[in-house]
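Student:
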Ligand code: NAD
Ligand code: WQD
């Protein structure tokens, strides 16, 4: 079965391509390399011994999207990762984010509407919950007003898909709300490749560990948590990738309950910033240079997933520990810089 993975050379897309190939799917990747490297294709091939089909183009070019679907009429499912994801940049360039994250989503759904049956998986985010009132966060927790245009694209994106599913019964979709994806493939062949100064905690830690950054700033230690630093649910990217295969299988086997579903993807365990640092120190055997600074505007105190729905309905569970994830991230950092 042929599966389209948009943004397939990106961080989560590349790991998902590996898991799909491991399960015997034929994978077609589309990417414009705006936030990834062509070398990732070699990494996927090295792990799976199969080179996925790759088409390089910008999905904002509607004509190219149309031609792509004409050429690949036998696509059985689409996993849509392609998007811009930098929260800060989205505040400065909102229209870029709406064009890329919403415009492209609409083009994809327009093409899927032409098919007799279509299966669609969407990369959503725990950011839709904002600061949830209760922990752990279930899928029924209210969606809070978005803090950034990026966050808004995920909320609006979900609404667009839900409306499309309502209007077109041939379309089945699942929105996956990721918590904090981290780590790298244990083979050391693919991993996260942030461009410029990383905004996310884990790549900043590993880059500090390797000496590329002088010091990690810990944004606040006066939050109402045990050690005062913020709590997140860090999920290993390989676990996350496997959940996409489980979600896709659910749609392909018509096991879905209604044609639009939402799942949280996390470990269910919250870790503080200091716990992540200590995990890094454990697995790397070295001290990390960090200092406590002011809070980062817009940060929430805590977010971790209730994973019951994904565990029971998708039959999937995150297996890796925080130490596993930090170890793989560290190994990857060392390989990238060697
Ligand atoms: P990423 O930037 O590594 O991957 C996205 C890929 O899409 C990149 O390779 C990029 O080149 C490609 N792309 C972007 N716009 C494109 C376009 N117009 N045409 C073709 N290709 C395009 O990001 P990621 O971390 O792998 O995230 C994948 C998805 O998951 C995104 O939708 C993101 O918003 C979502 N998500 C990510 C996180 C996270 O922390 N990484 C958390 C929640 C949700
Ligand atoms: C984690 C924790 C920081 C960097 C972001 C997006 C969200 C989602 C995931 C896509 C926080 C602290 C961080 C640093 C620090 N992406 N931190 N020093 O904020 O949970 O979410 O990525 O949908 O939309 O907003 O992740 O990795 O940036 O931060 O102390 O240099 O680490 O304050 O508590 P976050 P993060």
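Residue numbers (the numbering used here): 123 to 460. Backbone N, C-alpha and C define an ideal beta-carbon position, used for all residues, glycine too.
1) So what's residue 346 in DSSP terms, helix, strand or just coil?
2) Expressed to the nearest angstrom, what Euclidean distance is found between the alpha-carbon atoms of residue 448 and residue 303?
3) Report whether the distance from the Cβ of residue 217 to the nearest heavy atom of the ligand NAD is below 6 Å.
4) Would the beta-carbon of residue 249 be found less than 6 Å away from any heavy atom of the ligand WQD?
5) Contact check, residue 194 vs residue 150 under 8 Å by CB: the rounded distance?
6) Enumerate, from N- to C-terminal direction, the unbroken alpha helix (DSSP H) stretches of 4 or more residues contained entirely within the stretch 323-394.
7) Quick check: what's the CA-CA separation for residue 262 versus residue 256?
8) With a CB to CB cut of under 6 Å and the five nearest residues on each side skipped, what residues in its chain are close to residue 350?
9) Is the separation between the beta-carbon of residue 357 and that of residue 301 shorter than 7 Å?
10) Helix, strand or coil: which one does DSSP assign to residue 216?
11) Grouping DSSP H, G and I as helix and E and B as strand, with all else coil, what is residue 455?
12) Just to confirm, does residue 131 get its C-beta within under 6 Å of one of the non-hydrogen atoms of the ligand NAD?
13) In its own chain, which residues sit with a C-beta less than 7 Å from the C-beta of residue 258, not counting the 5 before and 5 after it?
14) When you compare only the Cα positions, how much space is there between residue 286 and residue 293?
15) Along the chain, where does the beta strand (DSSP E) that runs through residue 300 open and close?
16) Rounded to whole angstroms, what is the Cα-Cα separation between residue 104 and residue 458?
17) Which two residues bound the contiguous alpha helix (DSSP H) that contains residue 153?
Tutor: Result, derived from the coordinates:
1) Coil, per DSSP.
2) 11 Å
3) False, no ligand heavy atom lies under 6 Å from that Cβ.
4) yes
5) 6 Å
6) 323-332, 359-374
7) Rounded to whole angstroms, residue 262 to residue 256 spans 11 Å at the Cα level.
8) 343, 344
9) yes
10) DSSP places residue 216 within a helical segment (H, G or I) once states are collapsed to three.
11) In this structure, residue 455 counts as helix in the three-state DSSP scheme.
12) yes
13) These residues qualify, in order along the chain: 390, 426, 427, 428.
14) 8 Å
15) 293-300
16) Nothing can be reported for residue 104: it is not among the residues displayed for the chain, which extend from 123 to 460.
17) Element bounds for residue 153: not the alpha helix (DSSP H) but the beta strand (DSSP E), 148-153.
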